[in-house]
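Data first, discussion second: the structure below is written as structure tokens.
Quick look at the structure:
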């Protein structure tokens, strides 16, 4: 993948985010939903949205957070896939969609996870919550705490299932963050979301995500429905090296939520490219340092930098780096030392912080004194 060269410009310039300039491309198709959002996974950019921050009832999309907390317990080894979980009467009597667990029939964590993901079993969610936290109420507090950590600022959970409650809410934006976090943080468990059918207790149930059958690039994630929420669907699809995540909330039917989600995915893949501009820890500039044990510091990004652009626009993208001058030692690795300014077709497009890829200690007395004198004449 082609990487952009960076032009270093030494200016006295504080870091300020610039708004991304609008580039004319075909308009997003009309989406019949209360709220929707299209996210590019690698770049983290929104390619389109409607009411992304409006509070909604998340219904069974809640189970993405139930899964996230469960996957965390598995990773921390406080829970094991083969572990047998007791089924409480509360879990057994759960209303809504179920996987049909029974109090006197052993069930493993692995089975409960599949029942939650594929069958959307409320009983499975409650059983997992009780196994991890002792009660669903405490588990819901864990869910909300994780939501805050992930940056889901407008989300609050009171149960593990998504059953309606006035204090149980989220937004399209927050749910997209959650879906992306599952893909990013739990690649070993994410393939479960492509499972089309699961059989438990001699009852087979199909995954309600219709796009798993109609679009071979779709490999997750979750459906939801209540009378108030309408028909909801979060979908993730990968074509070549790109992954898009769509969120459709409040569609009119099961068929509609699938159709509207497909529209979003097709639009994003058709009209946008996502490119890796720079690799993790790649030096994009070498900047002048004053009063340091070294006169220069290598600068770049601590993770791969991706950018989503309208198709055909990549060649029009140019980058320059402005150093935060005077750049004085000591400098710690990861400290912001400059700003990368991107232009597209000669117009300001985006600004990004550039950080030190290495540490620079303070120079000795003579070195500091000499640089102090030189700075007086700059």
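Numbering (the working numbering), first residue to last: 1 to 378. Cβ coordinates follow ideal geometry from the N, Cα and C atoms, glycine included. Small disclaimer: the values here were computed from a predicted structure and weren't measured.
- Taking all protein chains shown into account, residue 53 has fewer than 16 neighbouring C-beta atoms within 10 Å of its C-beta and is therefore exposed.
- A straight line joining the alpha-carbon of residue 120 with that of residue 204 spans about 13 Å.
- In this structure residue 50 is not in contact with residue 32, their Cβ atoms being roughly 11 Å apart against a cut-off of 8 Å.
- The alpha carbon of residue 168 has as its nearest neighbour, out of 122, 268, 154, 180, the alpha carbon of 154.
- Put simply, the stretch 84-92 touches the stretch 102-116. At least three CB pairs are less than 8 Å apart.
- Rounded to whole angstroms, the Cβ separation of residue 180 and residue 245 is 6 Å, and the two are in contact under 8 Å.
- Here residue 259 carries a helix assignment [DSSP, helix/strand/coil].
- Spatial neighbours of residue 214 in its own chain (CB-CB distance under 8 Å, excluding positions within 5 residues in sequence) are listed in chain order as 258, 262.
- Excluding five sequence positions before and after residue 92, the CB atoms of its chain that fall closer than 6 Å to its own CB belong to 103, given in chain order.
- Counting every other CB atom within 10 Å of its CB across the protein chains shown gives residue 219 a total of 16 or more, marking it as buried.
- At a Cβ-Cβ threshold of 8 Å, residue 297 and residue 331 count as neighbours.
- In the three-state DSSP reduction, residue 339 falls in the strand class (E or B).
- Between the stretch 239-255 and the stretch 317-337, the count of C-beta pairs closer than 8 Å stays below three; the two stretches do not touch.
- Burial state of residue 140 is buried, judged by a 10 Å Cβ sphere holding 16 or more other Cβ atoms.
- Counting along the chain, residue 173 sits inside the alpha helix (DSSP H) bounded by residues 172-185.
- Pairing residue 123 with residue 94, the inter-Cα distance amounts to about 5 Å.
- Non-local C-beta neighbours of residue 142 in its own chain, meaning closer than 7 Å and more than five positions away in sequence, comprise 69, 133, ordered along the chain.
- DSSP places residue 91 in the helix class (H, G or I) of the three-state scheme.
- In the three-state reduction of the DSSP assignment, residue 365 falls in the helix class.
- Taking the C-beta atoms as reference points, residue 299 is found no nearer than 8 Å to residue 265.
- Within the stretch 211-276, the complete beta strand (DSSP E) segments at least 3 residues long are 218-226, 230-239, 242-251, listed from N- to C-terminus.
- Taking residue 30 as reference, the option from 337, 48, 42, 43 with the minimal CA-CA separation is 48.
- The bridge partners DSSP lists for residue 283 are 300.
- Relative to residue 66, the option among 37, 89, 175, 166 whose CA is nearest is 175.
- Between residue 285 and residue 334, the gap from beta carbon to beta carbon reaches 8 Å or more.
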